[in-house]
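208 is the number of the first residue of the sequence shown in the working numbering; add one for each residue after it.
C-beta: ideal position from N, C-alpha, C; glycine also.
See below for the structure under consideration.
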Amino acid sequence: MTVVGRFAPSPTGRMHAGNIYAALLSWLIVRSQGGSIVLRIEDLDRERSKPSYADQIMRDFESLGLTWDRGPFYQSGRDDAYRLAFDALSQKTRVYPCFCTRADLRAASAPHAGERYVYAGTCRDIPSSEVERRSKLRVPSWRVFAPDAVYRVNDLVQGSFEQNLATDCGDFVVRRADGSFAYQLAVVADDFYQGVTCIVRGCDLLSSTPQQMYLQNLLGFGNPSYAHVPLLVDASGRRLSKRNRDASFDELIARYRTPEGIIGHIAYIAGVLEDDEPAPPAALLARFDLDRWKRRLKARGGMAQLEWR
Ligand code: GLU
Numbered sequence: 208m209t210v211v212g213r214f215a216p217s218p219t220g221r222m223h224a225g226n227i228y229a230a231l232l233s234w235l236i237v238r239s240q241g242g243s244i245v246l247r248i249e250d251l252d253r254e255r256s257k258p259s260y261a262d263q264i265m266r267d268f269e270s271l272g273l274t275w276d277r278g279p280f281y282q283s284g285r286d287d288a289y290r291l292a293f294d295a296l297s298q299k300t301r302v303y304p305c306f307c308t309r310a311d312l313r314a315a316s317a318p319h320a321g322e323r324y325v326y327a328g329t330c331r332d333i334p335s336s337e338v339e340r341r342s343k344l345r346v347p348s349w350r351v352f353a354p355d356a357v358y359r360v361n362d363l364v365q366g367s368f369e370q371n372l373a374t375d376c377g378d379f380v381v382r383r384a385d386g387s388f389a390y391q392l393a394v395v396a397d398d399f400y401q402g403v404t405c406i407v408r409g410c411d412l413l414s415s416t417p418q419q420m421y422l423q424n425l426l427g428f429g430n431p432s433y434a435h436v437p438l439l440v441d442a443s444g445r446r447l448s449k450r451n452r453d454a455s456f457d458e459l460i461a462r463y464r465t466p467e468g469i470i471g472h473i474a475y476i477a478g479v480l481e482d483d484e485p486a487p488p489a490a491l492l493a494r495f496d497l498d499r500w501k502r503r504l505k506a507r508g509g510m511a512q513l514e515w516r
């Protein structure tokens, strides 16, 4: 089977070192298996996403030599596919309206570290007359029932990881009250329809994988392989974000001068390169070996985090 990976950036700002690192590792892990790459713009969160950021991300990927083979596919244009998946899901298991509020806001974006909580099942057994009454006051979101079953992923980087969906996750949102579809459902439908077989992303999303596998199984999609790479964090241990000015694209260009300089530095931080020297992705690929990289990470302190500097 041919390997297909993906870049899945959220166009909510210009890329920073953390996004480039995730894309570079995806590119290396997928291409080193002879695979191709799909580009998907994850603009489900319509308030935070901007077309101009998506354009900039593509220009940045191109200048960095992070090439893709198909796409861009925009999540904002794929509601029909998500609706089909949602309807299919409703036929396979319990999907019910939920009138609780905060979860909704979160459901559009990938839940990064520390953003998880277990839903108590508050709205699971509301009688239909009550659902009708409440629906007049407020549009509900929709949750899928989480079974008391263990889902196990054999991750290419993190090894075996398992979760009991009922106790570690709880029923989760697949459609938001504003009618849009939640990250967990959208990503599963997209990965399937776009033919993605190998998902490489930061290990803060490892805890979303059992939910996604559960949806894949219900929808008859089959499970892709997963490689959750260590999270790139700042000195205080937090995932890199726009907050970290020294990791911004402008700062990277100012410091490392060329795209090869940026890639080389990030590859060095990631343990892909021994020395901090300019290198285009293609040169890294010629020497990249997943097992060797993992051994190097283990020797340097583990698979959970890498510190940006
Ligand atoms: N769009 C997500 C992000 O920017 C990635 C989601 C995924 O890889 O499944 O972090």
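- Between the C-alpha atoms of glutamine 370 and cysteine 410 there is a straight-line separation of about 15 Å.
- Proximity annotation: the ligand GLU has residues Ala215, Pro216, Ser217, Glu249, Ala317, Val394, Arg408 and Leu412 in chain order, each selected because its CB is closer than 6 Å to a heavy atom of the ligand.
- Boundaries of the beta strand (DSSP E) harbouring alanine 434: 432 to 436, taken from the DSSP string.
- Remark: C-beta atoms of leucine 232 and leucine 491 do not approach each other more closely than 8 Å.
- Leucine 363 places its beta carbon less than 8 Å from that of serine 432.
- Under the three-state reduction of DSSP, proline 488 is assigned to helix.
- In the three-state DSSP reduction, aspartate 362 falls in the strand class (E or B).
- In the DSSP assignment, glutamate 458 falls within the unbroken alpha helix (DSSP H) covering 456 to 463.
- Inter-residue distance for phenylalanine 268 and leucine 438 is about 20 Å (C-alpha atoms, whole angstroms).
- Residue burial annotation: alanine 384 is buried, with at least 16 other C-beta atoms found within 10 angstroms of its C-beta.
- Counting every other CB atom within 10 Å of its CB across the protein chains shown gives asparagine 361 a total below 16, marking it as exposed.
- The beta carbons of alanine 288 and alanine 396 sit about 5 Å from each other, so the pair counts as a contact at 8 Å.
- Looking only at Asn226, Leu497 and Ala215, the smallest Cα-Cα distance to glutamine 365 is reached by Leu497.
- Judged by DSSP secondary structure, glutamate 337 falls within the alpha helix (DSSP H) whose first and last residues are 335 to 344.
- The segment 211 to 255 is shown to contain whole alpha helix (DSSP H) runs of 4 or more residues at 224 to 238, in chain order.
- Taking 8 Å as the cut-off, the Cβ atoms of tryptophan 515 and leucine 447 count as close.
- Contact check for alanine 261 against isoleucine 248 passes: the beta carbons are separated by less than 8 Å.
- Judged by DSSP secondary structure, arginine 266 falls within the alpha helix (DSSP H) whose first and last residues are 258 to 271.
- The alpha-carbon of lysine 257 is positioned some 6 Å away from that of proline 218.
- About 23 Å separates the CB atoms of threonine 300 and phenylalanine 368; that is not less than 8 Å, and the two are not in contact.
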